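Chains A and B are the protein sequences, given in the same order.
The first sequence begins at 22 in our numbering and counts up by one.
The second sequence begins at 741 in our numbering and counts up by one.
All C-beta atoms in this analysis are idealised placements derived from N, C-alpha and C, irrespective of residue type, glycine included.
Being a predicted model, the structure only gives us computed values, none of them experimental.
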Amino acid sequence: MDKVYHLEAPLSIEDIECLKIGDMVDVSGYIYTARDAAHQRFLKLIKEGKELPIPIEGQIIYYVGPTPAPPGKVIGAAGATTSYRMDPYSPALLEMGLKGMIGKGRRSNEVKEAMVKYKAIYMASVGGAAALMSRSIKEASVVAYEEMGPEAVMKLKVEKMPAIVVNDIFGNDLYNEGKKKYRIN
Amino acid sequence: MRQISTRTIIDRIKDSAMRLNFELKEDVLSSLKDALDNEESQVGKEILNQLIENAGIARHDMIPICQDTGLAIIIAEMGQEVCIVGGDLRSAFEEGIRQGYKEGYLRNSVCHPFTRENTGDNTPIIVHFDMVPGDRLKLWFAAKGGGSENMSRLFMLPPSAGWVGVKEKIVQTVEEAGPNPCPPTIIGVGIGGSFEQSALLAQKALFRPLGTLNPDSELVKMEDEVLEEINKTGIGPQGLGGRITSLAVHILMMPCHISSLPLAIDIQCHASRYTEIIF
Chain A
22 MDKVYHLEAP LSIEDIECLK IGDMVDVSGY IYTARDAAHQ RFLKLIKEGK ELPIPIEGQI
82 IYYVGPTPAP PGKVIGAAGA TTSYRMDPYS PALLEMGLKG MIGKGRRSNE VKEAMVKYKA
142 IYMASVGGAA ALMSRSIKEA SVVAYEEMGP EAVMKLKVEK MPAIVVNDIF GNDLYNEGKK
202 KYRIN
Chain B
741 MRQISTRTII DRIKDSAMRL NFELKEDVLS SLKDALDNEE SQVGKEILNQ LIENAGIARH
801 DMIPICQDTG LAIIIAEMGQ EVCIVGGDLR SAFEEGIRQG YKEGYLRNSV CHPFTRENTG
861 DNTPIIVHFD MVPGDRLKLW FAAKGGGSEN MSRLFMLPPS AGWVGVKEKI VQTVEEAGPN
921 PCPPTIIGVG IGGSFEQSAL LAQKALFRPL GTLNPDSELV KMEDEVLEEI NKTGIGPQGL
981 GGRITSLAVH ILMMPCHISS LPLAIDIQCH ASRYTEIIF
């Protein structure tokens, strides 16, 4: 494979402005997990003018609902869930300075426009490679919404978690470009 | 009457729930390896390699292949000469799931449709019963992930649509799904029957091992034709571009009402988890 870019979360604009679609990255540092239900709660708090349970500025959110950690392990299987379900909520978080999202599958036009406007990237990790992903997770703790079980918000310490840039800050989309390249007729 | 105890059923369901989630089926694994030989995209190859590596880690560490350990679906064929002892059958299925998901540290993925409150034990499950001759109880047990299920579709086509219309709809459904259902996918297709029967046919079509031929030679041709069209779309592994969008198309067909042409398309991700249990 080509060059792999190392990202250390939380991110700054400088970390991501050189990245283009198709770039392979590995992510280290601290990231947060959230799925639909958590996003819904975040938005409610934002509308009410209340503080969110996690910092947003410069952060990466990983769309994942892991399996419970078996004894002796930090976390269970932890692969990405489909991202479009977070689309209605993402622009507001991008406006607050969210810099990266990791999931799988296409984003809406509104999210893509917000990524360009507020300079943030969307990365895909391989959906279904959940046992492999869990090996990059070194620490995990629930920081909010424990009652939601697998949908609770967790803070993860990750080391070299592999992903690929799907939407860059320039408005490109790897899903469109990749498909075009291999389409027959 | 042949007696089958619910205790045996609970144990088998429990063990199967864990095994299904830890061990990628051999036919799927070898299909992924074949895909690796045929994929032209470098990114696509890297993804297929990751999936093969993932299967090895899951099996070795006894950790699920995918974090979405699924909604449990059981299609039961109950012999007319079978007598269930020790409790009711549906409760035995649910108890097996409850125990398997707890002991295997599998994810509980069932919730209220609106409040989204998790039921906490991966029940209720989905059960379809059928009565058949004989003294055996046969179960098809699948753990279905939500990501690919969300991309599945059902159409009530006009009979004039014919095979050409059916083929177009299947390819269109796969195109619209794009990267979302975790390609490479397996496409289960149910043609005919009724509204709900077509969906059940599509699900049952997925219960045929990859690499095996459809017993109906007419359907073999149709499966090949659709797969070729799907793999021309360029969607590729994980939708990032490539040759291998689907590993296989499996079709089941039956007669339908003179006014209708039901078509159900059940999109299954590469983590196809099902097993046949016979008592």
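Could you check which residue in the options has the C-alpha nearest to that of residue i?
i: THR746(B); options: PHE895(B), TYR845(B), TYR1014(B), GLU834(B); result: GLU834(B)
i: VAL904(B); options: ILE931(B), PHE881(B), MET994(B); result: ILE931(B)
i: LYS140(A); options: LYS71(A), SER49(A), GLN80(A); result: GLN80(A)
i: SER1012(B); options: ARG759(B), HIS800(B), GLN743(B), VAL768(B); result: VAL768(B)
i: GLU968(B); options: HIS990(B), PRO949(B), VAL850(B), PHE947(B); result: HIS990(B)
i: VAL850(B); options: SER892(B), GLU843(B), GLY860(B), SER771(B); result: GLY860(B)
i: GLN61(A); options: ILE77(A), ALA99(A), MET107(A), GLY121(A); result: MET107(A)
i: PRO864(B); options: GLY810(B), LYS785(B), GLY902(B); result: GLY810(B)
i: ARG838(B); options: LEU946(B), LEU940(B), ALA757(B), ILE1005(B); result: ALA757(B)
i: SER900(B); options: ILE998(B), ILE1018(B), SER831(B); result: ILE998(B)
i: MET154(A); options: TYR26(A), THR88(A), PRO74(A), TYR203(A); result: THR88(A)
i: VAL48(A); options: ALA30(A), ALA59(A), PHE63(A); result: ALA30(A)
i: ASP11(A); options: PRO183(A), TYR203(A), LYS202(A); result: With chain A running from 22 to 206 in the structure shown, residue 11(A) is simply not present.
i: ASP828(B); options: GLU763(B), GLU779(B), ILE749(B); result: ILE749(B)
i: LEU941(B); options: VAL929(B), GLU843(B), GLU793(B); result: VAL929(B)
i: LEU73(A); options: LYS181(A), LYS24(A), GLU198(A), VAL174(A); result: VAL174(A)
i: PRO91(A); options: GLN978(B), ALA988(B), ARG847(B), LEU764(B); result: ARG847(B)
i: LYS884(B); options: ILE805(B), MET962(B), GLY874(B), GLY918(B); result: ILE805(B)
At the 8 Å Cβ level, is residue i part of the contact set with chain A, yes or no?
i: GLU793(B); result: yes
i: ASN862(B); result: no
i: PRO853(B); result: no
i: ASP848(B); result: The question names Asp, yet the displayed sequence has Asn at residue 848(B). It does; some Cβ of chain A falls within 8 Å.
i: ILE837(B); result: no
i: GLN912(B); result: no
i: GLY840(B); result: no
i: GLN1008(B); result: no
i: THR748(B); result: no
i: GLY905(B); result: no
i: GLY819(B); result: no
i: SER781(B); result: yes
Would a C-beta distance cut-off of 8 Å place residue i and residue j closer than the cut-off?
i: ILE42(A); j: ASN193(A); result: yes
i: THR54(A); j: LEU177(A); result: yes
i: GLN1022(B); j: VAL85(A); result: Any question about residue 1022(B) goes unanswered here, given that chain B covers just 741 to 1019.
i: ILE96(A); j: ALA161(A); result: yes
i: VAL822(B); j: LEU877(B); result: yes
i: GLY126(A); j: ASN920(B); result: yes
i: ILE185(A); j: MET144(A); result: yes
i: GLY121(A); j: LEU66(A); result: no
i: ILE984(B); j: PRO924(B); result: yes
i: SER892(B); j: CYS922(B); result: no
i: LEU946(B); j: ILE926(B); result: yes
i: GLY199(A); j: CYS1009(B); result: no
i: GLU124(A); j: GLU78(A); result: Note on identity: in this sequence residue 124(A) is Gly, with Glu being the wrong assignment. Not a contact, by the Cβ cut-off of 8 Å.
i: ALA882(B); j: ILE813(B); result: yes
i: ILE1005(B); j: ILE910(B); result: yes
I want to verify the contact list: residues of chain A whose CB lies under 7 Å from the CB of residue i, in sequence order.
i: ASN954(B); result: Within 7 Å Cβ-Cβ: nothing; ASN954(B) doesn't reach chain A, min ~25 Å.
i: ALA798(B); result: ALA152
i: THR925(B); result: Correct list: empty, because the minimum Cβ distance to chain A is about 11 Å.
Can you find a C-beta in chain B that's less than 8 Å from the C-beta of residue i?
i: SER129(A); result: no
i: THR54(A); result: no
i: GLY79(A); result: no
i: MET169(A); result: yes
i: GLY85(A); result: It is Val, not Gly, that sits at residue 85(A) in the sequence shown. VAL85(A) counts as touching chain B.
i: TYR105(A); result: yes
i: ALA161(A); result: no
i: GLY124(A); result: no
i: GLY100(A); result: yes
i: GLY121(A); result: no
By the criterion of Cβ-Cβ separation under 7 Å, what are the contact partners of residue i in chain B?
i: LEU195(A); result: LEU980
i: SER155(A); result: ILE803
i: ILE158(A); result: Near ILE158(A) there are no residues of chain B at all, since even the closest Cβ is about 11 Å away, more than 7 Å.
i: ALA58(A); result: ARG856
Since residue i meets chain B, which of its residues come closer than 9 Å, beta carbon to beta carbon?
i: ASN206(A); result: LYS972
i: ALA145(A); result: PRO919, GLN978, GLY979, LEU980
i: ALA113(A); result: Within 9 Å Cβ-Cβ: nothing; ALA113(A) doesn't reach chain B, min ~19 Å.
i: GLY192(A); result: Per Cβ cutoff of 9 Å: no residues; GLY192(A) is ~18 Å from chain B at best.
Residues of chain A with CB closer than 8 Å to the CB of residue i, please, in chain order.
i: CYS996(B); result: The contacting residues do not exist; CYS996(B) stays about 32 Å from chain A at best.
i: ARG983(B); result: TYR203
i: ALA775(B); result: Those within 8 Å of ALA775(B) in chain A number zero; the least Cβ separation is about 14 Å.
Name, please, each residue of chain B whose Cβ falls closer than 8 Å to the Cβ of residue i.
i: ARG62(A); result: Result: empty, since nearest Cβ-Cβ is about 10 Å, beyond 8 Å.
i: ILE37(A); result: Neighbours of ILE37(A) on chain B: none; closest Cβ ~19 Å, over 8 Å.
i: ALA165(A); result: The contacting residues do not exist; ALA165(A) stays about 15 Å from chain B at best.
i: LYS200(A); result: GLY918, THR973, GLY974, ILE975, GLY976, GLY979, GLY981
Can you list the residues of chain C that residue i reaches, using a CB-CB cut of under 9 Å?
i: PRO91(A); result: Looking at the structure shown, chain C is missing, and the protein chains on hand are A and B.
Is it true that the stretch 917-937 of chain B meets the stretch 161-180 of chain A, where meeting means three or more beta-carbon pairs spaced less than 8 Å apart?
-> They do not touch, by the three-pair rule.
Counting Cβ pairs closer than 8 Å, one from the stretch 131-140 of chain A and one from the stretch 788-795 of chain B, do we hit at least three?
-> When C-beta atoms of the stretch 131-140 of chain A are compared with those of the stretch 788-795 of chain B, fewer than three pairs fall below 8 Å, so the two segments do not count as touching.
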